[in-house]
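I have placed the structure first, in the form of structure tokens, so that the comments after it can refer back to it.
There are 2 protein chains.
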Amino acid sequence: MTTRIPVVENILSANDRIADRNRVLLDEKGVYSINIMASPGAGKTSFILKTLEALKGRLKLGVIEGDLATSIDAEKAMAAGLPAVQINTGGGCHLDAVMLADALPALPLSDLDLVLVENVGNLVCPANFQIGTHLNVLIASIPEGDDKPYKYPGMYRGVQVLIINKTDLMPYVTFNMNYFIKGVEALNPDVTIFPVSCKSGEGMDAWAYWITEKVRAGKQG
Amino acid sequence: MTTRIPVVENILSANDRIADRNRVLLDEKGVYSINIMASPGAGKTSFILKTLEALKGRLKLGVIEGDLATSIDAEKAMAAGLPAVQINTGGGCHLDAVMLADALPALPLSDLDLVLVENVGNLVCPANFQIGTHLNVLIASIPEGDDKPYKYPGMYRGVQVLIINKTDLMPYVTFNMNYFIKGVEALNPDVTIFPVSCKSGEGMDAWAYWITEKVRAGKQG
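Sequences listed follow chains W and D, in order. If you're matching positions, the first sequence starts at 1 in our numbering and goes up one per residue. If you're matching positions, the second sequence starts at 1001 in our numbering and goes up one per residue.
Below you can see the structure in the form of structure tokens.
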């Protein structure tokens, strides 16, 4: 027996309609945007700060930080000189398009090239909600283990870019890269992968080059 | 303006009534049980396998593995000689009491002293659902970073035991233990903390001794 629950479908499509409006606003302002997802502690905020560093002088960035309760991450971003807005979900396990719609006008969009949205640390719920950004990015991290694509398929399936962070910890943990990549490719053969270390900075140049091209192509498109 | 949504309250209390029944069943069978929560990759399955090793000859264990889709963890547990049941949530972000009620009869409860339930890897949603176990255990891990209690307060508030795993990685990551513990104690001053390394086995003896006492006290209670 299959039971359809139409209420859930309606809520999702309302979210998707707001997501579309967010995208239209971003396109009008000429701003490219990224939804950054990961499990807690994979390094989302560090990745944002390292991206800022790598793009200095090339692109103007803004940040929207999603969190359950605190403003720790927005404060870090502002300390680094980034225009930043904090969204507190009040315990909610993911961002949605309405939250982003409320946050976007608080950024100086006309002055920006790229907005990085840091979702709530969670490998399950954020995968089910489009928020209206142009690109979905997942940050995996080496100490999380090589079985995560197999265990969180929805998240690995729904992204265009996969950052593999904390490569500096490879010598100290058991992580079979072939097994990991095999799992990723089975779910998402077209995903673009960047191995990086936000600690040492290794790999950030390749990502910075790639995203700069993406943003420029978006502006011409 | 505050809006009450009575439907959510009813669903939660239905869950709690089933959780109570699970607890009654476990008590009748003389089985102590633990709900193990953590973010993805903090080491829940490794912790279960190391606990099995540390308790060998002392307590008879069974395992219930919660996951979105695979049976990787249950297979690991069975390979280690543990009676194990896999719950697949079908994409759901946490276990609930009904899932546990369905899984418990599949274990040989009359032969067991302790059932370890591995929840879905997630620091948000599992905190909101009692499943009927006797003890809530959270596994934090060093590479996740020292700000997690501040960012996931609901989870840190709702547990009786906190395992700090991957202490072997302390030399290789930035982790301020004082800042971490300060955050934990502000939310949960009575929590019992065990620093461990599931890789080296360090700290597992203290946990094994403590949980053995707990299980024995439960049987006499």
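Each residue gets a CB set at the ideal place from its N, CA and C atoms; glycine is no exception. No experiment lies behind these values; they were computed from the predicted model shown.
- When C-beta distances to chain W are compared with 7 Å, the residues of the region 1053-1068 of chain D below that value are Asp1067, Leu1068, in chain order.
- Contact between Ser1039/D and Ser39/W holds: CB atoms are separated by about 5 Å, below the 8 Å threshold.
- Less than 8 Å separates the beta-carbon of Val1173/D from that of Pro1143/D.
- Of all residues in the region 1026-1054 of chain D, those with a C-beta nearer than 7 Å to a C-beta of chain W are Ser1039, Pro1040, Gly1041, reading in chain order.
- The region 55-65 of chain W and the region 77-90 of chain W touch, with no fewer than 3 CB-CB distances between them shorter than 8 Å.
- Secondary structure note for Asp1067/D: its beta strand (DSSP E) is the uninterrupted segment 1061-1067.
- Taking the C-beta atoms as reference points, Gly1145/D is found nearer than 8 Å to Gly41/W.
- Pairing Asp1096/D with Ile1131/D gives a Cβ-Cβ distance under 8 Å.
- The C-alpha of Gly30/W lies about 10 Å from the C-alpha of Arg216/W.
- Within the region 1101-1154 of chain D, the runs of alpha helix (DSSP H) that reach at least 4 residues and sit entirely inside it are, in chain order, 1148-1151.
- In terms of CA proximity to Asp73/W, Lys44/W leads the group Lys44/W, Arg58/W, Gly91/W.
- Taking CB atoms only, Lys151/W has a neighbour in chain D less than 8 Å away.
- Against chain D, a Cβ distance below 8 Å from Gly203/W picks out nothing, because the smallest value is about 17 Å.
- Taking the Cβ atoms as the reference, Leu1049/D lies roughly 7 Å from Lys1076/D, within the contact range of under 8 Å.
- CA-to-CA, the gap between Asp27/W and Gly66/W works out to about 22 Å.
- For Asn119/W, no chain D residue has a Cβ inside 8 Å of its Cβ, as the nearest lies near 12 Å away.
- For Ile1072/D, the C-beta contacts it makes with chain W under 7 Å involve Asp147, Tyr150, Lys151, in order along the chain.
- Here Ile211/W is buried. Its C-beta has 16 or more other C-beta atoms within 10 Å.
- Within the region 90-109 of chain W, the residues whose Cβ lies closer than 7 Å to some Cβ of chain D are Gly91, Cys93, listed in chain order.
- For Tyr1032/D, no alpha helix (DSSP H) encloses it; the enclosing beta strand (DSSP E) starts and ends at 1032-1038.
- A Cβ-Cβ contact shorter than 8 Å links Lys1166/D with Ser1141/D.
- Just measuring C-alpha positions, the residue of Gly1091/D, Ser1110/D, Lys1151/D, Pro1108/D sitting nearest Met155/W is Gly1091/D.
- Restricting attention to Leu1068/D, Ile1163/D, Phe1175/D, Ala1054/D, the CA atom closest to the CA of Val124/W is found in Leu1068/D.
- Proximity to Thr1089/D across Gln1160/D, Ala1106/D, Asn1119/D peaks at Asn1119/D, based on C-alpha coordinates.
- Residues Leu187, Asn188 of the same chain have their beta carbon placed closer than 6 Å to that of Arg157/W, with the five preceding and five following residues left out of the count.
- Contact annotation: Val1184/D and Val1161/D have beta-carbon atoms that are not nearer than 8 Å.
- From the beta-carbon of Lys1166/D, the residues of chain W found nearer than 7 Å are Pro143.
- Here Ile1139/D has Ile1036, Ala1038, Ala1042, Gly1043, Lys1044, Phe1047, Ile1163, Asn1165 as same chain residues with Cβ atoms under 7 Å from its own Cβ, once five neighbours each way along the sequence are excluded.
- Per DSSP, reduced to three states, the secondary structure at Pro83/W is coil, with no helix or strand assignment.
- Against chain W, the beta carbon of Gly1158/D has no neighbour under 9 Å; the closest one sits roughly 12 Å away.
- Annotation: Asn1188/D is outside any alpha helix (DSSP H) and is labelled neither H nor E by DSSP.
- Annotation for Val1161/D: the continuous beta strand (DSSP E) segment containing it runs 1161-1165.
- Taken through DSSP and simplified to helix, strand or coil, Asn1176/D comes out as coil.
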